[in-house]
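Going line by line, the protein sequences match chains A and B.
Counting in the numbering used here, the first sequence runs from 1 upward without gaps.
Counting in the numbering used here, the second sequence runs from 1001 upward without gaps.
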Amino acid sequence: MAKPLSHRMMGWAGRAAVVAILGFIILPAVVVAIAAFNDKALLSFPPEQLSLRWFYKAMSYRDFQTGFQNGLIVMLFSSSIALVVGSAFAFVLDRYEFRGKKLIEGLLLAPLVVPHFTVGLGLLILAAQVSLTRTFTVVVVCHVILVLPFVLRSVYISLRNLDERLELAAASLGGKPWSVMFTITLPLLMPGLVSGWLFAAILSFNEFTASLFVTAQRTQTLPVAMYNYVREYADPTMAALSVIFIVVTAALLTLANAYLGLGKVLNVEQAR
Amino acid sequence: MSSRPAELVAEKVQPIRNAEPARDVAVQLDGVSKRFGTSVALDDAWLKIGRGEFMILLGPSGCGKTTLLNLVAGFLLPDAGEIFIDGSLVTDVPAFARKTGIVFQNYALFPHMTVANNVAYGLKARGVGKEEIRTRVAQTLAMMKLTGLEDRKPRQLSGGQQQRVALARALVIRPKVLLLDEPFSALDKNLRASMQVEVKEIQRNLGVTTIFVTHDQSEALSLSDRIAVMSGGQIRQIDTPEQLYRRPADRFVASFIGEGSWLRATLDRFNGDDAVVTVGKTAITVPAAPLAGVAIGADVDLFIRPEHLHVASAAEAAFEGAVAASIYQGGHVDLYVDTPQISSARVLMRLGAKDARGSWNDGAKIAIGVSGNDAVAFPPASA
């Protein structure tokens, strides 16, 4: 039996809307990706001749190389520190009742509300007071503050979904607290920990606004280096770099999905 | 047997006899209380569970039965009182050192471990040797009919299989007490019945002391050696299923276990451990204990089971009523009778189907006799 025309039209309209929205989301990335292969030294679209020269330039440009290294160092330190600090706080918030709990929760999630440039500016002023202005320390501290809420959220949700009875059962079977922690709690929290770390790492690596304030020439991260580049040049190097960025991030997420399962991370799959 | 040297026999018997005073009580609670904030979850609980006994904690939700179980397991610390397991004081002993095996309602199997590793967990935690772990896990899985499922993950198992794994995991450590927290409530009816039989069998074969929490009274009556009926954080009565049914200690236990009706009666006299009350024209003997302090001639509430009411001739009837509804139940017929002068609610009586079929239309007058002495009377509720 054919469905009424109105239903079919709704079906088509719905599908078209979904396609349009998805297209709209990836359109900027697509345009940039195509522009990256332009042969000319202009960010024109569409390109007349294709070339990989801008990819080569992006990879060999000195500031981008150091920016990439700096970004990597800052990313590894800040997301790892945020993971430890965030997990500890998430654990305390989940397991204990105490006065001022709401306040602490609010403070830890505050960076979601405070603009990045405020955090950057504040840290710049503070760093000047203690002569740390041109060091990695201040950059790492800045990024820890910014990514902490994401780690905290991720671990907190995993803890919430962890059935306390699993730990109780393990304890009654003779598992001492530390042993239960390593054999039951941590393995079951692993997806949350990894996804928290991963989100923190990606955010840190992409962070620009606050980084602009707290980095110096020597410590600038890749997004800052890119900003400085576009202030002087307008060739497709930036576009090429963007493509590399997207490919690498997508590859990381795919790996994470393959090995951890984003379904598990997002708690779609509920263990009985 | 007769050729065995006498001293060998003596050696075997001696230590058991010496240890007996401590051994006949497996779990003991002395005045244990637990509060959560301002609400009292368990109020001054006294309980002794014999070695190898199957004890059921029965009560509606929120009655404190799960709190009691958690206190025995060591998941909670009591605010007052002491807990003993196998004769030793464990009030401050952490859960991991109490050697209790617990099965939760949702089984709480470790989702990231195989069946074999779930069962082996308690043995590994106790540092048992690899070879012994392998044999004991294999034995336990065989006992629970789980052989062949060793490498499955919990989510690949059916509800009944998960239940067996949870039991195997708790039993493999040879617990001093097996704690079961509503273990069958997630199973469908048929599976539940067969698991009940199986658990009872295993419990008897292993002789493991068991505390079983449930709110299902038919489960409680069919499984247990003794039942502790709980309500409002208090243990109301600890007794065998039969005694609970025949001699409930208070109004709550009477109403909670089985069915029955409340009749208005008058206290006639005390007679040693018994008391005699009159309901309508009939005198009935009831236990005196619940009526302590009630004046002769005062009104009391008589609790009577439906099978102890029968259709009587006008001469021997205790009271009369009008049939409000008759419900055919196959083997028997339940009659709900209006007797305004005897009871404010409808009185339930249960007749054999042969006696009752078709003979009681709604509104029919009926003369009711009270038989047997299995009735209990309590002071009026308002007193």
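Every residue, glycine too, gets a C-beta built ideally from N, C-alpha and C.
- The beta-bridge partner set that DSSP reports for Asp-235/A is empty.
- Residue-level contact check: Gly-1321/B does not touch chain A, since none of the beta carbons of chain A fall below 9 Å from its beta carbon.
- Taking a beta-carbon distance threshold of 9 Å, Gly-192/A does not count as an interface residue toward chain B.
- Within the region 173 to 191 of chain A, contact with chain B at the beta-carbon level (separation under 7 Å) is assigned to Leu-173, Gly-174, Gly-175, Lys-176, Ser-179, Ile-184, Pro-187, Leu-188.
- Contact between Leu-1291/B and Ala-1275/B is confirmed by a C-beta separation of about 5 Å, below the 8 Å threshold.
- Taking CB atoms only, Arg-165/A has a neighbour in chain B less than 9 Å away.
- For Leu-121/A, the closest Cβ of chain B is not nearer than 9 Å.
- For chain A, the residues of the region 1062 to 1078 of chain B that bring a beta carbon within less than 9 Å of one of its beta carbons are Asn-1070, Ala-1073, Gly-1074, Phe-1075, in chain order.
- A distance below 6 Å between beta-carbons, with the five flanking residues on each side excluded, links Phe-55/A to the following residues of its chain, in chain order: Ala-240.
- Taking all protein chains shown into account, Ser-154/A has 16 or more neighbouring C-beta atoms within 10 Å of its C-beta and is therefore buried.
- Lys-1365/B sits exposed, since fewer than 16 C-beta atoms from the chains shown fall within 10 Å of its C-beta.
- Two segments are said to touch when three or more pairs of C-beta atoms, one from each, lie closer than 8 Å; by this definition the region 1306 to 1321 of chain B touches the region 1337 to 1357 of chain B.
- Asn-38/A is bridged by DSSP to Leu-50/A.
- Interface residue (Cβ-Cβ distance to chain A less than 9 Å): Arg-1098/B is classified as such.
- The region 95 to 113 of chain A makes no contact with the region 245 to 260 of chain A; the number of CB pairs closer than 8 Å stays below 3.
- Looking at the backbone, the Cα of Val-1103/B and that of Gln-1028/B are separated by about 20 Å.
- Contact between Ala-1026/B and Thr-1240/B does not hold, since their C-beta atoms are separated by about 18 Å, which reaches or exceeds 8 Å.
- With a contact defined as Cβ atoms closer than 8 Å, Arg-1051/B and Asp-1024/B qualify at about 6 Å.
- Separation of Tyr-1245/B and Gln-1237/B (C-alpha to C-alpha, rounded to the nearest whole angstrom) is 11 Å.
- Fewer than three Cβ pairs drawn from the region 166 to 185 of chain A and the region 139 to 158 of chain A lie within less than 8 Å of each other, which leaves the two stretches out of contact.
- Here the C-alpha atom of Thr-66/A lies approximately 31 Å from the C-alpha atom of Ala-110/A.
- Contact between Val-1072/B and Leu-1179/B holds: CB atoms are separated by about 6 Å, below the 8 Å threshold.
- Lys-57/A and Phe-64/A have their alpha carbons spaced roughly 10 Å apart.
- Interface annotation, Phe-1110/B: in contact with chain A, CB-CB separation under 9 Å.
- Assigned with DSSP and collapsed to three states, Ser-1231/B falls in strand.
- In the pairwise beta carbon analysis, the region 228 to 240 of chain A is classified as touching the region 24 to 42 of chain A: at least three pairs are separated by under 8 Å.
- With a threshold of 16 other beta carbon atoms within 10 Å, Glu-1132/B falls short and is exposed.
- For Pro-1287/B, DSSP records a beta bridge to Asp-1274/B.
- Residues of chain A whose Cβ lies closer than 8 Å to the Cβ of Arg-1169/B are, in chain order, Ala-169, Leu-173.
- Proximity of chain A to Ile-1173/B at the Cβ level (cut-off 8 Å) is accounted for by Leu-173, Gly-174, in chain order.
- Within the region 1227 to 1251 of chain B, contact with chain A at the beta-carbon level (separation under 7 Å) is assigned to no residue.
- Taking every protein chain shown into account, the CB of Glu-1053/B has 16 or more other CB atoms within 10 angstroms, so this residue is buried.
- In chain A, no part has a C-beta under 8 Å from the C-beta of Arg-1192/B; the shortest such distance is about 18 Å.
- The CB of Arg-1126/B comes closer than 7 Å to the CB of Gly-174 in chain A, given here in chain order.
- Taking the Cα positions, Asn-206/A is about 36 Å away from Ala-13/A.
- As DSSP reads the structure, Gly-1369/B sits in a beta bridge with His-1310/B.
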